Amino acid sequence: MIKKRYILNFPPQSGDKPLSYQLVRDYDIRINILKAEVYPGKRGSLLLELQGKKENIEKGVKYLTEHQVICEPLDKRIHFQEEKCIDCGNCTAVCFAGALTMSKKNWKLEFDKSKCVVCELCIPACPLHLFEIDFR
Ligand code: SF4
Ligand code: SF4
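Residue numbering for the sequence shown follows the working numbering, beginning at 36 and increasing consecutively.
Rendered as C-alpha cells:
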C-alpha cells in the first residue's frame, strides 16, 4: 500500500460522471479529499490523497486521464524547523487550510501535516524562515 497526492483538474462535462466512485470500486483506491474547488458547470480542481496498491493507483490515474482529467502528482511537502519556532503566530494567519494553528492550552504553534495543501504561503510569512519545500 502506498499514499500519493495528486492535483486533479477536470473539465465541466466530467461533473456528472462518478469518477471517484470508479476509483474506489474498480481500483480499490481509498480517496481523501484535502481541498476542493468545484463549481457546477465549470472547470474544477481537487487535491486528493490516494491510498492503495501502486499498480492500482497508476491504473486509476490512467483512467482519470482517459476521461480528460489532468492529474499532477504532488511530490513535495513542507518542512518546518519546529525547534526554532518562537510561536509568534504569523504563519497561522495565512494558512487557510488550517494546518497551522495556535494551541489554546499553551499558545504554542501546532502543525497538522495531514491538513497541509502545500500552498507555500507560510514560507514568506515566517520572520525566521522556518518553512521550506521538501521535494521527494
Ligand atoms: S504550505 Fe500552506 S497549507 Fe501548508 S502549512 Fe504552509 S500555509 Fe499551511
Ligand atoms: S511564523 Fe515562524 S516563528 Fe512564528 S509561529 Fe510560525 S513558524 Fe513559528
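Ideal placement from N, C-alpha and C gives every residue a C-beta, glycine not left out. Keep in mind it's a predicted model, so treat the numbers as computed, not measured.
Alpha-carbon spacing of residue i relative to residue j, whole angstroms
{"i": "glutamate 155", "j": "lysine 119", "result": "19 angstroms"}
{"i": "histidine 114", "j": "glutamate 93", "result": "27 angstroms"}
{"i": "isoleucine 37", "j": "leucine 85", "result": "8 angstroms"}
{"i": "glycine 95", "j": "asparagine 141", "result": "44 angstroms"}
{"i": "leucine 58", "j": "cysteine 130", "result": "30 angstroms"}
{"i": "valine 152", "j": "arginine 40", "result": "10 angstroms"}
{"i": "glutamine 116", "j": "aspartate 122", "result": "12 angstroms"}
{"i": "proline 159", "j": "leucine 165", "result": "9 angstroms"}
{"i": "alanine 128", "j": "alanine 71", "result": "20 angstroms"}
{"i": "leucine 144", "j": "glutamate 101", "result": "43 angstroms"}
Same chain, Cβ closer than 8 angstroms to residue i, neighbours up to 5 away in sequence not counted
{"i": "glycine 133", "result": "Asp147 and Lys150"}
{"i": "arginine 78", "result": "Asn44, Phe45, Pro46 and Pro47"}
{"i": "asparagine 91", "result": "Tyr62, Asp63 and Ile64"}
{"i": "methionine 137", "result": "Asp122, Gly124, Thr127, Lys143, Leu144 and Glu145"}
beta-carbon residue i near ligand 2 non-hydrogen atom, thresh 8 angstroms
{"i": "proline 108", "result": "no"}
{"i": "isoleucine 121", "result": "yes"}
{"i": "asparagine 141", "result": "no"}
Beta-carbon contacts of residue i that lie in its chain and below 6 angstroms, excluding the five residues immediately before and after
{"i": "arginine 112", "result": "Asp169"}
{"i": "glutamate 107", "result": "Ile42"}
{"i": "lysine 88", "result": "none"}
N- and C-terminal bounds of the beta strand (DSSP E) containing residue i
{"i": "cysteine 106", "result": "105 to 108"}
{"i": "serine 80", "result": "79 to 87"}
{"i": "asparagine 44", "result": "37 to 45"}
Distance cut-off 8 angstroms: residue i Cβ against heavy atoms of ligand 1
{"i": "lysine 150", "result": "yes"}
{"i": "isoleucine 21", "result": "Lying before the first or after the last residue shown, residue 21 is absent from the chain, which here runs from 36 to 171."}
{"i": "glutamate 155", "result": "yes"}
{"i": "phenylalanine 45", "result": "no"}
Extent of the continuous alpha helix (DSSP H) run through residue i
{"i": "tyrosine 62", "result": "54 to 62"}
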